[in-house]
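So for the sequence shown, the working numbering puts the first residue at 40; every next one is plus one. Just so it is clear, CB atoms sit at the ideal spot from N, CA and C, and this is done for glycine as well. The model shown is predicted, which means the values in this text are computed figures rather than measured ones. Remarks on the structure that follows.
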Amino acid sequence: MIAALSDALALILPVDCAGCGVPDRVLCETCTAVLAAPRPLRHVLAPGLVVHAAFDFADRPARALRTLKEEGRTSLVRPFATALAAAARAGFPDAEVLFVPMPTSAAAFRRRGHRVVEAILDRSGLPALSALRRIRSTRDQRELGRAERTRNVDGSLCARRRLDGRRVVIVDDVVTTGASAGEAARALREAGAEVMGVVCVAHTRRAGFVRDTDMNAG
40 MIAALSDALA LILPVDCAGC GVPDRVLCET CTAVLAAPRP LRHVLAPGLV VHAAFDFADR
100 PARALRTLKE EGRTSLVRPF ATALAAAARA GFPDAEVLFV PMPTSAAAFR RRGHRVVEAI
160 LDRSGLPALS ALRRIRSTRD QRELGRAERT RNVDGSLCAR RRLDGRRVVI VDDVVTTGAS
220 AGEAARALRE AGAEVMGVVC VAHTRRAGFV RDTDMNAG
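This is the structure:
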């Protein structure tokens, strides 16, 4: 039924598949299957944070996530929310934690008209807590190198309230260098929270990645 509705929509508003560019499908069968089968992986960031990601930020998941963010195809929120929940279960199977979204910048909201991280988290079914806010503007991280990214976000976030005794996990759509996640962790810890780690839809692959399936096998 979903495929039929997608085909009908494509006749009215022609689109390409968000993951591979095949014409006349919102999301083709192959890309649907890829997004429905995340293989959670983890990586330790420089600040000591452990990231749990549903996908590598590459190929079909990366293209579909860019389409959601930049073209506003909100029908993609659901599969990414399901994948995020899978990564969270793999990373924090027994922990009673609250999931804190990275706040969307004012500039990103004006450009896109929607809040990607918040939307994905809302649909994931994970217990969410909006605990962070931005206290100064920052440059677009895509234009910056690793050291510049850290300087760019330093001191840009604060907690909305005291979080003493709360165990929290930071949520983002894509983690690249970890600069934003590190800043979020600093702000949350200063408010008294215990930061358990980071969960995201996708992470840029670097040396040191370990897939949860590989860890379990070992």
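| Item | Value |
| --- | --- |
| A246 - DSSP class collapsed to helix/strand/coil | Legend: pLDDT at A246 = 47, less than 50; position of this residue unreliable, value from coordinates given subsequently. If DSSP states are grouped into helix, strand and coil, A246 belongs with coil. |
| Alpha carbon of S219 to alpha carbon of V192, nearest angstrom | 6 angstroms |
| CA-to-CA distance, R201 to A93, given in whole angstroms | 30 angstroms |
| For A218, the first and last residue of its enclosing alpha helix (DSSP H) | 218-229 |
| Any alpha helix (DSSP H) of 4 or more consecutive residues that is wholly inside the segment 55-102 | 68-74 |
| Cβ-Cβ distance between A241 and L104 below 8 angstroms | yes |
| Helix, strand or coil at V234 [DSSP, three-state] | strand |
| Nonlocal neighbours in the same chain, by C-beta distance under 6 angstroms from T71, ignoring five residues either side | none |
| Rounded C-alpha distance that separates S169 from P79 | 24 angstroms |
| Assigned secondary structure, D211 (DSSP; H/G/I helix, E/B strand, else coil) | strand |
| V234 versus V136, L74, R173, G217, residue with shortest Cα-Cα distance | V136 |
| Residue burial classification, T229 (beta-carbon count within 10 angstroms, cutoff 16) | Checking the displayed sequence, the identity of residue 229 turns out to be Glu instead of Thr. Result: exposed. |
| Ranges of the alpha helix (DSSP H) found wholly within the segment 148-175, counting only runs of at least 4 | 155-163 |
| Local conformation of F138 per DSSP, three classes | strand |
| Neighbour-count burial assignment, M254, 16 or more Cβ in a 10 Å radius | The predicted position of M254 is uncertain, since its pLDDT is 41 and thus under 50; a value taken from the coordinates is nonetheless stated next. With fewer than 16 Cβ atoms within 10 Å of its Cβ, M254 is classed as exposed. |
| heavy atom of the ligand MG below 7 angstroms from A122 C-beta | No copy of the ligand MG appears in this structure; indeed no ligand is present at all. |
| For L196 and R175, the rounded distance between their alpha carbons | 8 angstroms |
| Where C239 sits in the DSSP three-state scheme | strand |
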